[in-house]
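Whatever position you read off the sequence shown (first residue = 1), add 16 for the working numbering.
Each residue gets a CB set at the ideal place from its N, CA and C atoms; glycine is no exception.
Nothing here was measured: the structure is a model prediction, and the numbers come from that model.
Taking it in order: structure first as structure tokens, then the write-up.
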Amino acid sequence: MRIVLLCGGSGKRLWPLSNEVRSKIFLKLLPANASNAGNAEPSKESMIQRVCRQLEEAGLLTFASVVAHRSQAEITLHHIGNRIPFIAEPHRRGTFSAIALAGAYLHAKQLAELDETICVIPADLYADVDFLSTLCQFPSVLAASGAELALLGVKPKHPSTQFGYIVPKPTKQSDPALVSDAASAAPSAGYAMVEQFTEKPDEATAARLIDRDAMWNCGIFAFSLQFLLDTMVRKALPTDYDELLACYEQLPEQSFDVEVVEKIAAAAVIPYQREWKDLGDWNVLPHYLGSGDSNVVGAGSVSDDSTGTHIVNELQQPIHVIGVPNVIVAASADGILVAHKQAANRIKSLRQDGQRPMYGEERWGSYSVLDYTLPGQQPQTVTRMIEMLPLKHTSYHAHQQREECWTILSGTGEFIMEAVKRQVQAGDMLRIPAGAKHAIRASSALAYIEVQIGTEIAEGDVLQVTADWDSILRSCKQDGDDPFSTKT
């Protein structure tokens with residue numbers, strides 16, 4: 017069985033911490049499953065780190081890949097490294113297109129067999145390890161049921177309007193093989209055939225569906241690779257990976273639920289009654305941030321009479337809440353949110369007006385935008401604080417439409433420009449003309465201010481040469497001072 021971790025989202029529901037690039041799966045807010053004895057500060061992990069750790073504990077990580085928009089490649093590598101393949105979408109075209117691209121990749125690049133089971137799970141999954149172990153039942157359920165598609169269904173706790181519902185066929189209800197044993201230490205291996213799918217009903221309809229033993233659709237699908245490729249052919253999509261990439265921009269926005277799940281002729285569902293949560297909004301997430309004084313993450317405090325209030329603060333400035341119950345206060349470089357928890361979902365309706373993300377993560381570390389010029393002003397400038405992790409490096413690359421000026425604040429490293437290498441340390445200033453190929457490697461934790469100056473500053477203005485440091489070193493002519501640098 018192959019596992020595809022599906023990443024995506026617009027970053028709206030957990031704004032201001034999340035944005036288009038740093039979606040909720042990359043927020044390091046969850047308590048890590050490790051002993052913190054003697055540590056004053058418990059370690060934290062992101063949703064994608066958590067699900068990868070759990071897949072590894074279940075013995076499934078070696079069969080996994082992750083698919084996401086190419087803009088999330090660097091931040092994904094920052095969180096999970098090169099542990100599993102990253103399948104880059106050149107454009108956002110919905111869950112069906114992303115799953116199709118992953119299937120074509122597995123077939124062409126990893127030589128997956130046509131009869132292998134493909135299991136798609138959301139990267140923001142929050143569940144126990146038994147939940148992930150249940151995935152191993154999918155191949156046998158598909159074979160035994162004759163279904164084209166199998167899903168995992170969770171027993172609802174209340175009539176929610178936030179989830180789709182899976183209604184099982186009302187046959188053989190007395191057969192214990194079709195019912196999940198809630199008292200068992202692990203879920204049963206049973207399944208039921210699906211009678212109906214209903215997408216996010218109103219509360220009254222949800223209550224009626226629950227009376228029919230409906231389950232929440234938690235967005236986990238399993239099918240054979242052959243089924244996926246056949247579906248792509250029926251929709252006139254190329255099954256060749258490179259051909260699909262070439263036409264990806266022309267694809268319409270397509271949902272897997274709409275294009276496949278709701279039209280399927282035969283589907284099966286595995287019931288599950290243990291822990292599963294959707295941590296997709298500010299009303300739910302704060303309850304899973306850890307134990308102890310977990311109503312405050314970051315600098316700040318909440319008074320005793322501010323019952324149910326949580327602070328998540330990424331800024332250095334403290335936030336104090338006094339006498340205000342049941343609110344979420346979230347602060348980052350992108351903005352500040354103060355909302356009653358029951359109304360926090362209204363954040364999705366706020367206009368962001370194309371705001372530039374003020375914080376980002378790369379495979380080598382992170383950056384914070386300190387200042388930038390408004391549209392229409394010339395020249396354009398962006399000032400960033402760069403923080404590199406020890407022994408990490410950037411790629412060897414160039415920018416055609418901007419020059420850069422760097423001021424090293426702390427740490428040491430190796431800087432290469434146009435095949436000339438030099439050592440850098442606190443106090444060094446580096447000027448990088450437009451078109452100059454350059455890279456930097458941190459010998460220790462390295463921080464510097466980067467000022468970008470040009471007629472147009474765009475994320476796509478990057479000419480990549482190589483990301484391999486040994487290859488970069490081999491290109492160097494000699495050690496020496498960069499002729500464009502000065503020292504304070």
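- At the C-beta level, Ser113 and Leu267 come within 8 Å of one another.
- The beta-bridge partner set that DSSP reports for Met231 consists of Ile182.
- By the CB criterion at 8 Å, Leu33 and Val328 fall inside the cutoff.
- Under the DSSP assignment, Thr214 falls in the beta strand (DSSP E) whose first and last residues are 208-214.
- With a cut-off of 8 Å on Cβ pairs, the segment 283-295 is in contact with the segment 142-161, counting three or more such pairs.
- Ranked by Cα distance from Arg99, the options His107, Glu105, Leu77 are led by Leu77.
- Cβ-Cβ distances below 6 Å link Gln65 to His95 in the same chain, with the five nearest sequence neighbours on each side left out; the list follows chain order.
- Between Ala349 and the set Gly376, Pro47, Val274, the nearest pair of CA atoms involves Gly376.
- Following the DSSP letters along the chain, one finds Glu420 inside the beta strand (DSSP E) bounded by residues 418-426.
- In the DSSP assignment, Gln439 falls within the beta strand (DSSP E) that extends over 436-441.
- C-alpha of Gly24 to C-alpha of Asp297: approximately 15 Å in a straight line.
- Secondary structure of His174 (DSSP, three-state): coil.
- Counting of Cβ neighbours within 10 angstroms places Thr177 among the exposed residues, the total staying below 16.
- Here Ile352 is exposed. Its C-beta has fewer than 16 other C-beta atoms within 10 Å.
- Arg38 is classed as buried because its beta carbon has at least 16 other beta carbons within 10 Å across all chains shown.
- For Tyr121, the enclosing alpha helix (DSSP H) starts and ends at 110-124.
- DSSP, read as helix, strand or coil, puts Pro155 in helix.
- The shortest C-alpha to C-alpha distance from Ser161 to any of Thr111, Trp232, Ala281 is the one to Ala281.
- In the structure shown, Asn361 falls within a helical segment according to DSSP collapsed to helix, strand and coil.
- Residue pairing by DSSP places Leu46 opposite Glu61 in a beta bridge.
- For Phe102, the enclosing beta strand (DSSP E) covers residues 102-105.
- Bounds of any beta strand (DSSP E) do not take in Val274; it lies within the alpha helix (DSSP H) bounded by 272-275.
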